[in-house]
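Novice:
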Amino acid sequence: MKKFLIKISLLFVLLFLCSSLLWKYCHTDKPIVTIKERVLILGDSHTEEDINDTIFTNSFNYSQGGDPFIYSYVKLVNITSASKIDTLILSVSPATFNVGENWLHKANKLLYRFPLEDLMFLAHYNPSAIGHSFNVFDIRNRRNDIGGYRSLDKFRLQENLERWATKTLNPCIPHEAQLLYLDKIVEYCRSKSIQLIFINTPTYHAERFYNMDNFYKLIEEKYNDVTFWDYGNYVLLDSCYGDVNHLNYIGAKIFSAMLQEKVRNKYNQ
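Anchor point for the sequence shown: position 232 equals 232 in full-length UniProt numbering, and the numbering is continuous, going up by one each time.
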């Protein structure tokens with residue numbers, strides 16, 4: 001029995017060493033993208049589909065649907081290692097506070113650039129992340145596998161409302177991993193003198209589907225020193241929505257132009 005346990009222990013040590021060597025071989029600190037814009041936009045599908053960075057100029061939208069804050073954090077650190085930014089606009093909405101562990105079960109080529117500490121944290125919830133970081137599984141290399149503005153050509157608001165009619169009110173209680181990495185983003189921006197802006201993009205009558213009291217309570221109690229652009233109730237025609245949570249390309253055009261005007265007026269550009 002003793003010899004068996006020793007062999008098992010040696011096997012685990014060997015696997016650990018092989019995994020470490022493989023990670024070092026596959027891992028790279030090379031920036032996923034180099035940008036000249038001074039404003040970086042990160043987050044999930046809300047900013048991915050709601051902010052058109054060809055209209056909201058001098059910004060670079062690298063959001064992607066389903067991105068939990070751990071992905072936004074790694075993108076932020078990776079991009080700013082080679083590019084100078086003044087401002088980070090981060091998607092913070094009732095939907096992002098509803099993220100569960102299933103959102104941590106995603107993979108793209110960004111995993112090659114995860115620092116080991118963050119990769120191990122992610123692997124706690126999503127063990128397959130280890131395999132993806134070694135490029136054992138197929139990960140496509142297109143830019144939008146990482147992020148970028150996505151023009152939503154969809155008009156399914158009424159259909160979406162009918163499906164959501166039977167849903168119970170979402171409590172807006174964030175997963176511990178979300179809060180941990182949101183805090184890391186806040187601290188990183190402070191340490192690098194990057195202005196951080198939380199943005200809540202338009203949602204069609206969010207109060208029908210989300211516990212907005214919980215959402216605003218968390219923002220006020222935990223992040224009251226972070227600039228918060230709250231456009232959750234921004235008035236748009238129904239035709240501007242692709243569904244309850246997202247603007248289509250028409251809505252994104254209007255919303256992005258409004259943001260551009262807001263910034264221009266503020267800085268007299």
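Virtual Cβ for every residue (Gly too), placed ideally from N, Cα, C.
If you're wondering where the values come from, they're calculated on a predicted model, not measured in any experiment.
Could you check whether L161 and N126 sit closer than 8 angstroms to each other, using their CB atoms as the reference points?
Specialist: For the purposes of this step, residue 126 is identified with residue 126 of the sequence shown, where counting begins at 1. For the purposes of this step, residue 161 is identified with residue 161 of the sequence shown, where counting begins at 1. No. Outside cutoff.
Novice: Does the stretch 75-93 come close enough to the stretch 178-188 to have 3 or more Cβ pairs within less than 8 angstroms?
Specialist: yes
Novice: Which of the three DSSP states, helix, strand or coil, is assigned to Y234?
Specialist: Here residue 234 corresponds to residue number 234 of the sequence shown, with the count starting at 1. Here Y234 sits in coil by DSSP.
Novice: Please identify the residue among T47, S256, T57 and I219 whose C-alpha is closest to the C-alpha of E72.
Specialist: Against the sequence shown, residue 72 aligns to sequence position 72. It should be pointed out that residue 72 corresponds to Ser in this sequence rather than to Glu. Per the Cα distances, T47.
Novice: What would DSSP say about V263, mapped onto helix, strand or coil?
Specialist: The count along the sequence shown starts at 1 and reaches residue 263 at position 263. DSSP places V263 in helix when its eight states are reduced to three.
Novice: To the nearest angstrom, report how far apart Y241 and F228 are at their CA atoms.
Specialist: The residue you call residue 241 lines up with position 241 of the sequence shown. The residue you call residue 228 lines up with position 228 of the sequence shown. If I take the Cα positions, the gap works out to 22 angstroms.
Novice: Who are the near neighbours of A82 in its chain, counting only those whose CB is closer than 6 angstroms to its CB and skipping five residues on each side?
Specialist: Here residue 82 refers to the residue found at position 82 when the sequence shown is read from its first residue. Here the set comprises P31 and T34.
Novice: To the nearest angstrom, how far is the alpha carbon of Q64 from that of T87?
Specialist: Walking along the sequence shown from the start, residue 64 turns up at place 64. Walking along the sequence shown from the start, residue 87 turns up at place 87. Q64 and T87: Cα-Cα distance of roughly 18 angstroms.
Novice: For F198 versus Y223, is the C-beta spacing smaller than 8 angstroms?
Specialist: The residue labelled residue 198 in the question sits at position 198 within the sequence shown. The residue labelled residue 223 in the question sits at position 223 within the sequence shown. Closer than 8 angstroms, so yes.
Novice: Among residues of its own chain, excluding the 5 on either side of V136, which ones have a beta-carbon nearer than 7 angstroms to its beta-carbon?
Specialist: Counting from 1 along the sequence shown, the entry for residue 136 is found at position 136. Residue placement at V136 is flagged as unreliable, the pLDDT there being 48, under the threshold of 50; a coordinate-derived value is accordingly withheld.
Novice: Taking the beta carbon of E49 as the centre, do at least 16 other beta carbons fall within 10 Å, making it buried, or is it exposed?
Specialist: For this step, residue 49 is matched to residue 49 along the sequence shown. Result: buried.
Novice: Pick out the complete alpha helix (DSSP H) segments inside the stretch 166-227, 4 residues or longer, and give them in chain order.
Specialist: 176-191 and 212-222
Novice: Just to check, is the beta-carbon of Y112 closer than 7 angstroms to a non-hydrogen atom of the ligand MN?
Specialist: Ligands are entirely absent from the displayed structure, and the ligand MN is therefore not among its contents.
Novice: So who's on the other strand from S59, going by DSSP bridges?
Specialist: For this step, residue 59 is matched to residue 59 along the sequence shown. In the DSSP secondary-structure assignment, S59 is bridged to V39.
Novice: Roughly how many angstroms lie between the CA atoms of N52 and V39, to the nearest whole one?
Specialist: For this step, residue 52 is matched to residue 52 along the sequence shown. For this step, residue 39 is matched to residue 39 along the sequence shown. Their backbone Cα atoms lie some 13 angstroms apart in a straight line.
Novice: Give a yes or no on whether the C-beta atoms belonging to T201 and F255 are separated by under 8 angstroms.
Specialist: Stepping through the sequence shown from its first residue, residue 201 is reached at position 201. Stepping through the sequence shown from its first residue, residue 255 is reached at position 255. A contact, by the Cβ cut-off of 8 angstroms.
Novice: Please return the same chain residues whose Cβ sits closer than 6 angstroms to the Cβ of I250, not counting the five positions on each side in sequence.
Specialist: If you number the sequence shown from 1, residue 250 lands on position 250. Excluding positions up to five away in sequence, the list reads C240.
Novice: What does DSSP give as the partner residue(s) for Y241 in the beta ladder?
Specialist: As a working mapping, residue 241 is identified with position 241 in the sequence shown. Paired residue(s): L247.
Novice: Tell me whether S128 sits in a helix, a strand or coil according to DSSP, three-state version.
Specialist: By one-based count along the sequence shown, residue 128 stands at place 128. Of the three classes helix, strand and coil, the one that applies to S128 here is helix, per DSSP.
Novice: Check I32 in the structure and name its three-state DSSP category.
Specialist: Working through the sequence shown from its first residue, we reach residue 32 at position 32. I32: coil per DSSP, three-state reduction.
Novice: Secondary structure at N141, three-state DSSP: helix, strand or coil?
Specialist: In the sequence shown, residue 141 corresponds to position 141, counting from 1. Summary for N141: the model assigns pLDDT 47, below 50, so the residue's position carries little reliability, and this model does not support an answer.
Novice: Can you list, in chain order, the residues of its chain whose CB lies under 6 angstroms from that of N144, leaving out five sequence neighbours each side?
Specialist: In the sequence shown, residue 144 corresponds to position 144, counting from 1. A caution first: N144 carries a pLDDT of 41, below 50, which makes its placement in the model unreliable, though a value can still be read off. The beta carbon of N144 sits closer than 6 angstroms to no other beta carbon from its chain once the five residues preceding and following it are set aside.
Novice: Indicate the three-state DSSP secondary structure (helix, strand or coil) for I70 in the structure shown.
Specialist: For the purposes of this step, residue 70 is taken as residue 70 along the sequence shown, with counting starting at 1. Helix at I70.
Novice: Have a look at K84, A252, Y149 and G43 and flag the residue whose alpha-carbon is nearest the alpha-carbon of L237.
Specialist: Taking the first residue of the sequence shown as 1, we reach residue 237 at position 237. Nearest of K84, A252, Y149 and G43 to L237, Cα basis: A252.
Novice: Report the three-state DSSP secondary structure of L90 (helix, strand or coil).
Specialist: Indexing the sequence shown from 1 puts residue 90 at position 90. Of the three classes helix, strand and coil, the one that applies to L90 here is strand, per DSSP.
Novice: Just how far apart, CA to CA, sit F60 and H124?
Specialist: In the sequence shown, counting from the first residue as 1, residue 60 sits at position 60. In the sequence shown, counting from the first residue as 1, residue 124 sits at position 124. About 31 angstroms.
Novice: DSSP beta-bridge partners for W229?
Specialist: Reading the sequence shown from its first residue, position 229 is the one you call residue 229. For W229, which the question treats as bridged, DSSP gives the partners I199.
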